[in-house]
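Visitor:
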Ligand code: 3HC
């Protein structure tokens, strides 16, 4: 009987159809979705921290309002994604526990420090730019709840990327110190941004099955290449140089060639030994513990309401 369900599942996936929460699905499909969606959600809420540092330090009210809106958006993206993961039969508490005790990952990029205001512009431009590249194909992911969450998230991401680029354009028309500040931030964020797309396809543990199941529509390397090709031109408009001497147009390939990625840095950051991993998890643990009373109060209120409604 499972063979029948499996055949129907395969046929729907092959036809580019969507699997919904109540549909039969192979346990391995469900498990890899819980892994990816929860880690995506963790990335969103850990991602609030680097930019959150600069809300009280923004140079103008306009920039403060924009940054506040962006950080709040990231929190909302986390909520959509935890809700999408819950449709697969896991609880938010167990997902959160996995983040706090290091069993679940979040995007490597958020383990780097935000040292100057220019970092805020570079994060919007490069990090959200890379996130858009990675998230657009996920709008067509075979798992319905995840793809629908992504449609909503992608609309907000374009605002995130534009505000970062606009911030940098403004700084590049400023003083030499401001221009140098932008170049310094780009030098620190360029390589970690292209690491966001994950290991090379040949070293990717999940790509084959994720592509077979229509979860991953474009490979890590193809998305990375797309991001590099699009970003080089934007860097030229900005007037900054990207910190890669091997970056150059390859007519034969129709793409930019670029230098070797430092995979030791990538894996040590992914495995908890990056510049800010300890701080980021400590901040998330503190928020979780200090927020316990809010969760208890909300649950108690809901319990009382349920009793009142029954009466
Ligand atoms: N950071 C941390 N871990 C990473 C990683 C990264 N940049 N790239 C890959 N990995 C991990 C994978 O999670 C996997 O480990 P696991 O088995 O413990 O989960 C391992 O490295 C092998 O990599 P694979 O390529 O085989 O894994 P995937 O098929 O899952 O591909 C991915 C990795 C492309 C990141 C995919 O998981 C994905 O598309 N995730 C959802 C989107 C996402 O998380 N984007 C990055 C966050 S951007 C953001 O948060 C929003 C924005 O507002 C800033």
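Numbering (the UniProt record's numbering), first residue to last: 22 to 332.
The beta-carbon is built from N, C-alpha and C at its ideal position, and this holds for glycine as well.
Could you tell me which residues DSSP pairs with residue 276 in its beta bridges?
Guide: As a working note, residue 276 is residue 255 in the chain shown. In DSSP, residue 276 forms a bridge with 271.
Visitor: Given 7 angstroms as the limit, tell me if residue 237 has its C-beta closer than that to any heavy atom belonging to the ligand 3HC.
Guide: Here residue 237 is taken as the residue at index 216 of the chain shown, counted from 1. Yes, the ligand 3HC has a heavy atom inside 7 angstroms of this Cβ.
Visitor: Please classify residue 282: does DSSP put it in a helix, a strand, or coil?
Guide: If you number the chain shown from 1, residue 282 lands on position 261. In the structure shown, the three-state DSSP call for residue 282 is coil.
Visitor: What are the boundary residues of the alpha helix (DSSP H) that includes residue 251?
Guide: The sequence position of residue 251 within the chain shown is 230, counting from 1. Residues 241-259.
Visitor: Could you check whether the Cβ of residue 115 sits closer than 7 angstroms to any heavy atom belonging to the ligand 3HC?
Guide: One-based indexing of the chain shown puts residue 115 at position 94. Incorrect: residue 115 has no Cβ contact closer than 7 angstroms to the ligand 3HC.
Visitor: Whose C-beta lies closer than 6 angstroms to the C-beta of residue 241 among residues of the same chain, with five residues either side of it excluded?
Guide: Taking the first residue of the chain shown as 1, we reach residue 241 at position 220. Excluding positions up to five away in sequence, the list reads 218, 219, 222, 225.
Visitor: Would residue 231 be called buried (16 or more neighbouring beta carbons within 10 Å of its own) or exposed?
Guide: Here residue 231 is taken as the residue at index 210 of the chain shown, counted from 1. The residue is buried, with at least 16 neighbouring Cβ atoms inside 10 Å.
Visitor: Check each candidate in 302, 247, 203, 84 and name the one with the smallest Cα separation from residue 157.
Guide: Taking the chain shown and counting its residues from 1, the one referred to as residue 157 is at position 136. Checking every option, the nearest Cα to that of residue 157 belongs to 247.
Visitor: Expressed to the nearest angstrom, what Euclidean distance is found between the alpha-carbon atoms of residue 307 and residue 163?
Guide: Along the chain shown, one-based indexing puts residue 307 at 286. Along the chain shown, one-based indexing puts residue 163 at 142. Between residue 307 and residue 163, the C-alpha separation is close to 36 angstroms.
Visitor: Once you ignore the five residues that flank residue 269 on each side, which residues in its own chain have a CB closer than 8 angstroms to its CB?
Guide: Walking along the chain shown from the start, residue 269 turns up at place 248. The residues are 277, 278.
Visitor: Using CA atoms only, rank isn't needed, just tell me which of 259, 301, 249, 258 is closest to residue 282.
Guide: Mapped onto the chain shown, residue 282 falls at position 261. Nearest of 259, 301, 249, 258 to residue 282, Cα basis: 249.
Visitor: What does the Cβ neighbour count give for residue 127, buried or exposed, with the cut at 16 atoms within 10 Å?
Guide: Counting from one through the chain shown, the residue named residue 127 turns up at place 106. Buried, because 16 or more other Cβ atoms sit within 10 Å of the Cβ of residue 127.
Visitor: Which residue from 97, 293, 315, 262 puts its Cα closest to that of residue 61?
Guide: As a first step, residue 61 is located in the chain shown; it is residue number 40 there, counting from the start. Ranking 97, 293, 315, 262 by Cα distance to residue 61 puts 97 first.
Visitor: State whether the region 186-201 contacts the region 129-146, with contact taken as three or more CB pairs (one from each stretch) at a distance under 8 angstroms.
Guide: yes
Visitor: At the level of alpha carbons, what is the spacing between residue 319 and residue 207?
Guide: What you label residue 319 is simply residue 298 of the chain shown in a count that begins at 1. What you label residue 207 is simply residue 186 of the chain shown in a count that begins at 1. One C-alpha to the other measures close to 43 angstroms.
Visitor: Let me check one thing: in DSSP terms, what residues is residue 164 bridge-paired to?
Guide: Along the chain shown, read from residue 1 onward, the residue named residue 164 stands at position 143. Residue 164 is bridged to 40.
Visitor: Quick check for students: name the residue ranges of the beta strand (DSSP E) that lie wholly in the region 164-214, counting only runs of 3 or more.
Guide: none
Visitor: With a threshold of 16 other CB atoms inside 10 Å of the CB of residue 81, please say whether the residue is buried or exposed.
Guide: Taking the chain shown and counting its residues from 1, one reaches residue 81 at position 60. Taking all protein chains in view, the Cβ of residue 81 is surrounded by fewer than 16 other Cβ atoms within 10 Å, so the residue is classified as exposed.
Visitor: Check whether the Cβ atoms of residue 24 and residue 55 sit closer than 8 angstroms, and answer yes or no.
Guide: For the purposes of this step, residue 24 is identified with residue 3 of the chain shown, where counting begins at 1. For the purposes of this step, residue 55 is identified with residue 34 of the chain shown, where counting begins at 1. Residue 24 places its beta carbon 8 angstroms or farther from that of residue 55.
Visitor: In the DSSP assignment, the alpha helix (DSSP H) including residue 295 goes from what residue to what residue?
Guide: By 1-based counting over the chain shown, the position of residue 295 is 274. Counting along the chain, residue 295 falls outside any alpha helix (DSSP H), and DSSP gives it neither H nor E.
Visitor: Alpha carbon to alpha carbon, what distance is there between residue 227 and residue 409?
Guide: This structure leaves residue 409 out entirely; the chain is present only between 22 and 332.
Visitor: What does a CB cutoff of less than 7 angstroms around residue 161 pick up in its chain, not counting 5 residues either side in sequence?
Guide: As a first step, residue 161 is located in the chain shown; it is residue number 140 there, counting from the start. Closer than 7 angstroms at the Cβ level, and outside the excluded window around residue 161, lie 168, 238.
Visitor: Where does residue 222 fall in DSSP's three states?
Guide: As a working note, residue 222 is residue 201 in the chain shown. Note: residue 222 maps to helix in three-state DSSP.
Visitor: Can you give me the Cβ contacts of residue 251 inside the same chain, cut-off strictly under 8 angstroms, excluding the 5 residues immediately before and after it?
Guide: For the purposes of this step, residue 251 is taken as the residue at position 230 of the chain shown. Result list for residue 251: 150, 154, in chain order.
Visitor: What residue range does the alpha helix (DSSP H) around residue 62 cover?
Guide: In the chain shown, the residue the question calls residue 62 occupies position 41. Run containing residue 62: 48-67, per the alpha helix (DSSP H) assignment.
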